[in-house]
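The numbering of the sequence shown is numbering that gives the first Met the number 0, which starts it at 0 and goes up by one. Note that beta-carbon positions come from the ideal geometry of N, C-alpha and C, so glycine has one too. First up is the structure itself, then whatever we jot down about it.
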Amino acid sequence: MTFLKTVSAATIVLVSTASAQASSITVSIFDAASYNAGFGLAPNVGEDFEQLGSTLGEGEVANGFGTAVGTFSTLGGTGGGGTVTGLPGNTGKTLALRDSNVFGRENTVPTGGSWFLDSNDTWGMSWDVSIGSRFDAISFILNDASDVGAFLRISAGGMVEELRTGSKLPDGNAKLVVIDFGQQMSSANIVLGNFSSLGGNQYSLNDGFSVDGIQVSAVPLPASVLMLGAAIGGLGFAGRRKARKGAAAA
Numbered sequence: 000m001t002f003l004k005t006v007s008a009a010t011i012v013l014v015s016t017a018s019a020q021a022s023s024i025t026v027s028i029f030d031a032a033s034y035n036a037g038f039g040l041a042p043n044v045g046e047d048f049e050q051l052g053s054t055l056g057e058g059e060v061a062n063g064f065g066t067a068v069g070t071f072s073t074l075g076g077t078g079g080g081g082t083v084t085g086l087p088g089n090t091g092k093t094l095a096l097r098d099s100n101v102f103g104r105e106n107t108v109p110t111g112g113s114w115f116l117d118s119n120d121t122w123g124m125s126w127d128v129s130i131g132s133r134f135d136a137i138s139f140i141l142n143d144a145s146d147v148g149a150f151l152r153i154s155a156g157g158m159v160e161e162l163r164t165g166s167k168l169p170d171g172n173a174k175l176v177v178i179d180f181g182q183q184m185s186s187a188n189i190v191l192g193n194f195s196s197l198g199g200n201q202y203s204l205n206d207g208f209s210v211d212g213i214q215v216s217a218v219p220l221p222a223s224v225l226m227l228g229a230a231i232g233g234l235g236f237a238g239r240r241k242a243r244k245g246a247a248a249a
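Structure representation (structure tokens):
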């Protein structure tokens, strides 16, 4: 193996092993003051739906709805509750951008904002996370979930967390969800699904919830990797220069 290939291989190993810890999903009570104070600070990538909401307006969004933190789609089912919004003939079939208070669901980030992404009483959401760089953790606010009768289940990277295991949660409850993958990721899929029973596999409709204040923890390249990259670049330049000199001498 040449020296350049050895250095390149070492670079890949350093990137892939820069983070090694146990993965986890934690759910806690949302503290608006502390969370908003640190929201969106670099190098993290945030999505609060404010710009998207003001641009697109209130209503259903297409499956594969693109945001700064990836794309969102419904898990299926047609919502028929009193909070459903949408176009005639398509009402309750996809997720929706909403503003103001919708039966306990409301903006949580930023303070004084208006917009959030709503399940629109469907079975739930599938979120394909992508920010154009590597990340190792995600946080977001889950609002008004599991207050009508459904059991909301969070699934990500082989991990599963049930939002409730006992009685229904209070109307308008706000939870901070933190997903730590324990390693650097270039993409991930997160599913927020409503089920009719704890640990069951039957989806449930008309227990709407919303997400807001999403923050993906981007991982900058370690200094050691940057130094190796600079070394590789320098070796490449030196090689090209030597080749040019050899050609001129010939």
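- Between D135 and S23, the CB-CB gap reaches or exceeds 9 angstroms.
- The residue among S33, L191, I130, I213 with its C-alpha nearest the C-alpha of Q183 is I130.
- Going by DSSP, L55 is part of the alpha helix (DSSP H) stretching over 49-55.
- Each residue's CA atom was taken as its position, placing A95 and A36 some 27 angstroms apart.
- Taking all protein chains shown into account, N142 has 16 or more neighbouring C-beta atoms within 10 Å of its C-beta and is therefore buried.
- Just so you know, the alpha carbons of G91 and A149 end up roughly 17 angstroms apart.
- The continuous beta strand (DSSP E) containing N142 extends over residues 134-142.
- In the DSSP assignment, A41 falls outside any beta strand (DSSP E), carrying neither H nor E.
- Check the Cα spacing between I213 and each of T25, G157, S27, F38: the tightest is with F38.
- In this structure, the straight-line span from the alpha carbon of D170 to that of S209 is close to 12 angstroms.
- Secondary structure of A31 (DSSP, three-state): helix.
- Straight through space, the alpha carbons of S53 and S113 are spaced by roughly 9 angstroms.
- Listed in chain order, the non-local C-beta contacts of V177 below 6 angstroms within the same chain comprise T25, S138, local neighbours out to five positions each way being set aside.
- Close CB contacts of G85 within its chain, under the 8 angstroms cut and outside five residues either way in sequence, are with G58, E59, G91, K92, T93, A95, N119 (chain order).
- Pairing G207 with P42, the inter-Cα distance amounts to about 32 angstroms.
- A distance of 9 angstroms or more separates the beta carbons of R152 and L204.
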